[in-house]
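So the structure is just underneath, and the comments pick up after that.
Protein chains: 2
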Amino acid sequence: MPRPASIDDAELIARLSGVFQDVGYEGASLAVLSDATGLQRASLYHRFPGGKQQMAEEVLASAIDWAVANVVAPLNAKGDLAQRLARARANLNELYGSGTKSCLLNMLMAPRNLGGPFAPAIKSAFEALVNAFAQFAREAGHRPAAARKAGERAVTLIQGSLVLARGLQNPKPFRDALNALEEELFP
Amino acid sequence: MPRPASIDDAELIARLSGVFQDVGYEGASLAVLSDATGLQRASLYHRFPGGKQQMAEEVLASAIDWAVANVVAPLNAKGDLAQRLARARANLNELYGSGTKSCLLNMLMAPRNLGGPFAPAIKSAFEALVNAFAQFAREAGHRPAAARKAGERAVTLIQGSLVLARGLQNPKPFRDALNALEEELFP
DNA sequence: GGGCCTATACCGAACGTTCGGTAATGTCAA
DNA sequence: TTGACATTACCGAACGTTCGGTATAGGCCC
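Chains as they are written, first to last, in this note's numbering: chain A, 37 to 223; chain B, 37 to 223.
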């Protein structure tokens, strides 16, 4: 009978995610990951035989699954357009701690990680987000070309405002960006 | 003006060689190499930026140079055949500590190192030794095919007797092998 | 019911390597 | 002659990873 795990997989991923989101891939030393999870480095390797890269990959996959379920799906749902957008915005607000947190996609995609193991999944994730907003803008009445631009604008505002919020040490830019989504997506 | 080295290159190589000869490549941990040389691991990396592999490569090159100068060259020299062999034997005796030491070529060529970075140089070294003994046997009166066999036999006796000497904890097999060289090489 | 077994979780110590310093020394100018 | 400078030697601590253990727990058999 195996020894019961001292931390379950979901909680482990959540804690690892917090570290990667906070300091990026390179900044996430095994020591910091160990502190955050309560497991020794050797135990982290037991749970993730592929090591630090596997931890980051599983954290990323989990985050992308969450974004698809909580941002893309509401945008693509049937029903009232304004309510669909409101739900996506509420979930984005929760994801980024009302503008106090960074975006994991941003943190795992530092320049040195271009061409790295996370790049394809991150590219797909950004494309899925842009497409979801573009599709929404289409349904809201935008012409196709303008809808694509609006979709890219939406993701750009979200990402940029998170960076600016940290820079200014004030989450207001993120709040403003969420509020601006409506104006950007409806013609 | 640079800080003077606490150990010069020749002495450093000699001490590293002693470790590789004693425990092989895998057995030579950075800790053991550090102890043997008096340098911390970081300092070993300063002297050998290519790391442990470079240390072993330079140790091997130095050993091969020595063997060429002290075994191959005397065998290939001009002059009295018996004296040429005597000088080569004396140098082999010194190289292997009268049978109390292992052969570096043997120790760096553990099965896991087949196809490894040392394999080509070690192969060349063995070939050079076999060729030197074969050429000597040729000059001593052996026919070409028999001379080649005698050359391989000579190296086989040297290597095998070192292994047996360690196994029996008695250097006599090595001494016997050196004595047998004369009989093997002259027809 | 208790002791043994089996399987997995966990970890102390070590591995090879790198980072970001300090140490040592001769030269040169003031 | 002394202090600053420049250059290389050296190293404490940390990095990511693995080895060879110990710990935990339920099931099963006696």
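Beta carbons are placed, not taken as given, at the ideal position from N, Cα and C, and that holds for glycine.
Fair warning: this is a prediction, and the values are worked out from it, not measured in the lab.
Kindly indicate the opening and closing residues of the alpha helix (DSSP H) around residue i.
i       : result
G115(B) : Careful: G115(B) lies outside any alpha helix (DSSP H) and carries neither H nor E.
D45(A)  : D45 to G63
P180(B) : P180 to L204
T136(A) : Where T136(A) is concerned, there is no enclosing alpha helix (DSSP H), given that its DSSP letter is neither H nor E.
S70(B)  : L66 to T73
N167(A) : A155 to E175
Q89(B)  : G87 to A103
N215(B) : K208 to L221
Y81(A)  : R77 to R83
Quick one: using the 10 Å Cβ neighbour count with 16 as the cut-off for buried, is residue i buried or exposed?
i       : result
K10(A)  : A question about residue 10(A) goes unanswered here, because the residues of chain A that appear run from 37 up to 223.
G135(B) : buried
L119(A) : Per the sequence shown, the amino acid found at residue 119(A) is Gln instead of Leu. Per the 10 Å Cβ criterion, exposed.
R192(B) : The identity of residue 192(B) in the sequence shown is Thr, whereas the question assumes Arg. Classification for T192(B): exposed.
R39(A)  : exposed
Q205(A) : exposed
G151(B) : exposed
P207(A) : buried
Q76(B)  : exposed
A161(B) : buried
Work out the CA separation of residue j and residue i for me, nearest whole Å.
i       : j       : result
S79(B)  : C139(A) : 41 angstroms
L144(A) : K137(A) : 14 angstroms
G177(B) : S42(B)  : 52 angstroms
A50(B)  : V95(B)  : 8 angstroms
A46(B)  : L217(B) : 32 angstroms
L200(B) : P209(B) : 7 angstroms
P85(B)  : D101(B) : 22 angstroms
K159(B) : V104(B) : 14 angstroms
P110(A) : N215(A) : 17 angstroms
P223(B) : G115(B) : 18 angstroms
A64(A)  : G133(A) : 20 angstroms
S70(A)  : V107(A) : 31 angstroms
R189(A) : R83(A)  : 40 angstroms
R211(A) : L165(A) : 19 angstroms
I66(B)  : A97(B)  : The sequence given here has Leu at residue 66(B), not Ile. One C-alpha to the other measures close to 20 angstroms.
Y81(A)  : G74(A)  : 13 angstroms
L117(A) : V68(A)  : 43 angstroms
E219(A) : D44(A)  : 42 angstroms
A126(B) : R202(B) : 20 angstroms
A99(B)  : A124(B) : 15 angstroms
P147(A) : Q57(B)  : 45 angstroms
L48(A)  : L48(B)  : 48 angstroms
E175(B) : M37(B)  : 55 angstroms
With a Cβ-Cβ cutoff of 8 angstroms, do residue i and residue j count as a contact?
i       : j       : result
A155(A) : N149(A) : yes
M91(A)  : L52(A)  : yes
L221(B) : A173(B) : yes
A168(A) : N112(A) : yes
L121(B) : I194(B) : no
R179(B) : A170(B) : no
V59(B)  : A72(B)  : no
E62(A)  : P153(A) : no
S197(A) : A186(A) : no
Cβ of residue i within 7 angstroms of any heavy atom in the ligand SAM?
i      : result
G87(A) : By its list of ligands, the structure shown contains no ligand whatsoever, and the ligand SAM lies outside what it can speak to.
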